[in-house]
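A quick write-up on the structure given underneath.
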Amino acid sequence: MKRLLSVILCVVCALLAGGCGGSETKTPPEGGGEGGVDVDLTAMSKTVAYAVINEIMANPGDYIGKTVKINGPYANEYYDKTDLYYHYVVIEGDGACCIQWLEFIRNGDHAFPEDYPPQQEKIQVTGVFGSYDELGVTYYYLAADDMTVLA
Amino acid sequence: MTAIMDKLAFYFQYPLVRYALIVSVLIALCSSLLGVTLVLKRFSLIGDGLSRVAFGAAAVAAAFSLNDDFLMVIPLTVICAVLLLRAGQNAKIKGDAAIAMISSGALAGGYLIMKLFPKTSNVSRDVCATLFGSEKILMLTKTETWMCAILSAVVIAIFAIFYHKIFAVTFDEDFSAATGLRAKVYNSMLAVVSGVVVVLAMNMVGALLISALLIFPALSAMRVFKNFKAVTVCSMLISVICATLGILISIVAGTPVGSTIVVVYAAGFFVFGGAGIITRRG
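Going down the list, the protein sequences come from chains C and A. Counting along the first sequence from 1, when you hit position 74 you're at 74 in our numbering, and nothing is skipped either side. The number in our numbering is simply the position in the second sequence, starting from 1, with 1000 added.
Below you can see the structure in the form of structure tokens.
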């Protein structure tokens, strides 16, 4: 039994060296996705999509400039200090309690509310992940080339 | 089948998925090793009690804005584990009553602290993630991944080095002490390991479901095998297979990670229960 556990320990150490070692970051593989999309959250299950979006928001620097494709319910919010409406895709986790919001800004001229769907309508957004500073805070968003309302 | 394999290959491009699987397998190994001893010592519910303590400690760590809550959660959980496992036999408040008291007290205290000193604006999310795991195993930071991996390796090393002593203390503590074995030292060591394993397992299935990780593999193996070594080896195999299957199913199907893993463990128990009946009749 001791020998077996020792063998398991060696395998564990090898796993650690192989799986967690090196200088590998937790970022996804470089841009090989379909249609130039680096991170396609629409192709992922709810569980992984939520984990990936959480990873993006936790380490935004690793994802700046990457193209992200995402779908989920649409939401907007008015902020009186800037007198602007902000637009989001909502990503729900597997439990009803876990929700992430990812802001998107559509490229080109789009009027609100005419060019936006009602809240909770399911949309798909593809855009480049970036950041902007406002009122001394850095915010992360998708510069969206494409926003489609899903049936 | 090919579609599922393609899907898995796609997911495994993401390091967070690979890390989650490695950490799950390691935690499954540790919990199964410990589970056999805890079941035989009739401390099956200690996982529940300690996980509530860990929940309370995580709430305190959040209130103090500690970035790495392991630093507070592990010591507090280990202290409670030592108190429960070492003093359990001789204390005025014995075994199950002490566990029930600590369990409910820590859970209530933890929730109260989380409400009074919220770490984020979404308290229900924090509570839900801690109690049910949610996708926490897929969201481990690099430091947490390394901590889990190193602590798991230490737990396995302890079992490898002290296997015979743990065996003796598990079956008859008084007899072990009478033969000159420092039973109290090994009991304390088991308590420390229990605390560490419970904290690690919280990442995988959350505080409310930890007992399943400790108990199901041992009980499943005991349906078929009757000696300590066979039960331990079988328990490790069951645990690793069920944890791997559970996490892969939840990744592909998008089901909640913790509950999927526990349901697979429960299914494993019924399979081995059936196998045990067939073996006995044969």
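Ideal placement from N, C-alpha and C gives every residue a C-beta, glycine not left out.
Taking 8 Å as the threshold (C-beta atoms), are residue j and residue i in contact?
i: V1017 (chain A); j: L1138 (chain A); result: yes
i: I1249 (chain A); j: V1264 (chain A); result: yes
i: L142 (chain C); j: Q124 (chain C); result: no
i: V1073 (chain A); j: A1063 (chain A); result: no
i: S1024 (chain A); j: M1204 (chain A); result: yes
i: A49 (chain C); j: I8 (chain C); result: no
i: L1026 (chain A); j: L1190 (chain A); result: no
i: K2 (chain C); j: Y1163 (chain A); result: yes
i: V1127 (chain A); j: T47 (chain C); result: no
i: T126 (chain C); j: K66 (chain C); result: no
i: E121 (chain C); j: P60 (chain C); result: no
From residue i to residue j, what distance separates their C-alpha atoms?
i: S45 (chain C); j: S1188 (chain A); result: 43 Å
i: V1192 (chain A); j: V1082 (chain A); result: 6 Å
i: V128 (chain C); j: Y63 (chain C); result: 9 Å
i: E134 (chain C); j: K81 (chain C); result: 10 Å
i: P1015 (chain A); j: K1165 (chain A); result: 39 Å
i: A1221 (chain A); j: N71 (chain C); result: 44 Å
i: V137 (chain C); j: G1056 (chain A); result: 32 Å
i: A1061 (chain A); j: A1243 (chain A); result: 28 Å
i: V1271 (chain A); j: I1102 (chain A); result: 34 Å
i: K1229 (chain A); j: G93 (chain C); result: 41 Å
i: G1180 (chain A); j: A1168 (chain A); result: 11 Å
i: S1194 (chain A); j: D109 (chain C); result: 60 Å
i: K1219 (chain A); j: W101 (chain C); result: The sequence given here places Leu at residue 1219 (chain A); Lys does not occur at that position. Approximately 43 Å, taken between the alpha carbons.
i: F1132 (chain A); j: A1106 (chain A); result: 16 Å
i: K945 (chain A); j: I1215 (chain A); result: Beyond the ends of chain A as shown, which are 1001 and 1282, falls residue 945 (chain A); an answer cannot be given.
i: C98 (chain C); j: D40 (chain C); result: 20 Å
i: V1154 (chain A); j: I1261 (chain A); result: 24 Å
i: E1135 (chain A); j: A58 (chain C); result: 14 Å
Please name the residue or residues paired with residue i in a DSSP beta bridge.
i: T126 (chain C); result: C:K69, C:D146
i: I105 (chain C); result: C:A143
i: I1278 (chain A); result: Answer is none; I1278 (chain A) lacks a bridge partner.
i: L84 (chain C); result: C:Y79
i: I99 (chain C); result: C:E92
Should residue i be counted as a contact of the ligand HEM given a C-beta to heavy atom distance under 7 Å?
i: V1155 (chain A); result: Summarising the ligand content, the structure contains no ligands, and the ligand HEM is consequently not present.
With 7 Å as the limit, tell me which residues of the segment 1128 to 1141 of chain A have their beta carbon closer than that to any beta carbon of chain C; keep them in chain order. C1128, A1129, F1132, S1134, E1135, L1138, M1139
Determine contact between the segment 1222 to 1239 of chain A and the segment 1018 to 1032 of chain A, defined as no fewer than three beta-carbon pairs at a distance below 8 Å. yes
What are the residues in the segment 1235 to 1267 of chain A lying within 7 Å of chain C by C-beta distance? S1250, I1251, V1252, A1253, G1254, T1255, P1256, V1257
For the segment 1146 to 1163 of chain A, which residues have a CB atom closer than 9 Å to at least one CB atom of chain C, in sequence order? W1146, A1149, I1150, S1152, A1153, I1156, A1157, F1159, A1160, I1161, Y1163
Please confirm if the segment 112 to 131 of chain C is in contact with the segment 74 to 91 of chain C, defined as three or more CB-CB distances below 8 Å between the two stretches. yes
Note down, in chain order, all residues in the segment 1165 to 1176 of chain A with a beta-carbon under 8 Å from any beta-carbon belonging to chain C. none
Does the segment 1203 to 1212 of chain A come within contact of the segment 1044 to 1054 of chain A, defined as at least 3 CB pairs closer than 8 Å? yes
Listed in chain order, which residues of the segment 1026 to 1060 of chain A have Cβ atoms closer than 9 Å to some Cβ of chain C? L1026, L1029, L1033
Residues in the segment 119 to 150 of chain C with C-beta within 8 Å of chain A's C-beta atoms, listed in sequence order? none
Counting only Cβ-Cβ distances shorter than 8 Å, please list the residues of the segment 1001 to 1017 of chain A near chain C, keeping chain order. F1010, Y1011, Q1013, Y1014, P1015, L1016, V1017
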